[in-house]
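Chemist:
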Amino acid sequence: MTNTGMPSSDPDPAALLAEARRRQRQVNLYVSAALVVVAFAAFGAGVLAGDTAPDKLWPAFLLMLIPPLIGAVVALVFGRRILRRLPNRAPADPETLRRVKRALRDGHTDDPRIDALARDEATRWLSQGWVRWGAVALLLSQTWLLVRDADTVIRVVAAVGVLCAVVLLWTQGWSRRQARRYLAGRHDG
1022 MTNTGMPSSD PDPAALLAEA RRRQRQVNLY VSAALVVVAF AAFGAGVLAG
1072 DTAPDKLWPA FLLMLIPPLI GAVVALVFGR RILRRLPNRA PADPETLRRV
1122 KRALRDGHTD DPRIDALARD EATRWLSQGW VRWGAVALLL SQTWLLVRDA
1172 DTVIRVVAAV GVLCAVVLLW TQGWSRRQAR RYLAGRHDG
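Letter by letter, the sequence shown follows residues 1022 to 1210 of our numbering.
#1: Could you give the DSSP three-state label for residue 1149: helix, strand or coil?
#2: Check for me: the alpha helix (DSSP H) holding residue 1122 runs from which residue to which?
#3: By how many angstroms is the C-alpha of residue 1175 removed from the C-alpha of residue 1087?
#4: Measure the CB-CB distance between residue 1089 and residue 1058 and report whether it falls below 7 Å.
#5: Just to confirm, is the Cβ distance from residue 1152 to residue 1139 under 7 Å?
#6: Where are the alpha helix (DSSP H) runs, 4 residues long or more, that stay fully inside the stretch 1129 to 1205, in chain order?
#7: So is residue 1051 buried or exposed if we call it buried at 16+ other beta carbons inside 10 Å?
#8: May I ask you to report which of helix, strand or coil DSSP gives residue 1076?
#9: Among 1146, 1123, 1148, 1147, which residue has its Cα nearest to the Cα of residue 1136?
#10: Three or more C-beta pairs under 8 Å: does that hold for the stretch 1192 to 1209 against the stretch 1163 to 1177?
#11: Candidates 1119, 1192, 1180: which alpha carbon is nearest residue 1150's?
#12: Would residue 1066 and residue 1093 qualify as a contact pair, given that the criterion is a beta-carbon distance under 7 Å?
#13: Give the straight-line distance between the Cα atoms of residue 1096 and residue 1049, rounded to the nearest whole angstrom.
#14: Roughly how many angstroms lie between the CA atoms of residue 1063 and residue 1085, to the nearest whole one?
#15: Leaving aside the five residues before and after residue 1182 along the sequence, list all residues of the same chain whose C-beta is less than 7 Å from its C-beta, in chain order.
#16: Could you tell me the distance, in whole angstroms, from the CA atom of residue 1203 to the CA atom of residue 1034?
#17: How big is the Cα-Cα spacing for residue 1083 and residue 1046?
#18: Kindly list the residues whose CB is nearer than 8 Å to the CB of residue 1037, restricted to its own chain and excluding five residues on each side of it in sequence; keep chain order.
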């Protein structure tokens, strides 16, 4: 408001800062997506071309650029639409989120609001059992490549895949144990 009682035409500095940060995050997202696309295409071209002449590297690179480019476009276009439709499940403030995680870790809480949020989170963790089957499939396929393939690059990528699958299986098992322990410790009072 100005001293005449009329609304000020000057934009709010906090709103301008928030808008600038939103735009910067959007630019960072697109630049990161482009770098991922180029990195995957370069890696794929290196694997596809192998030890052939360097003049065959560019056609292989352009060929390998298509799948990650399509994936990035689909993720950026449809991913935002899907994320907008999802309900916001996380607590609004970081302190509440920390208290929910602490309650899940400790197995109990005295605050009924935190208890309800922790039960909801534990139920969500238990409903993600399909992730374990995906991790098992990844582990088996990458182990097969690690054992059977003679190419060093493929074996290195397979070893990273095995490592990722093992970490995913471990974290899934850990979170499911925490969720079961929290839900089993229910005290109706």
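Quick reminder that beta carbons are idealized off the backbone N, C-alpha and C, glycines included.
Modeler: Quick look at the numbers:
#1: coil
#2: 1115 to 1127 is the extent of the alpha helix (DSSP H) around residue 1122.
#3: 21 Å
#4: yes
#5: no
#6: List check, alpha helix (DSSP H) in window: 1133 to 1147, 1151 to 1169, 1173 to 1205.
#7: exposed
#8: helix
#9: Among 1146, 1123, 1148, 1147, the Cα nearest to that of residue 1136 is on 1123.
#10: no
#11: 1192
#12: Cβ atoms of residue 1066 and residue 1093: not closer than 7 Å.
#13: 15 Å
#14: 7 Å
#15: 1159, 1163
#16: 45 Å
#17: 28 Å
#18: none
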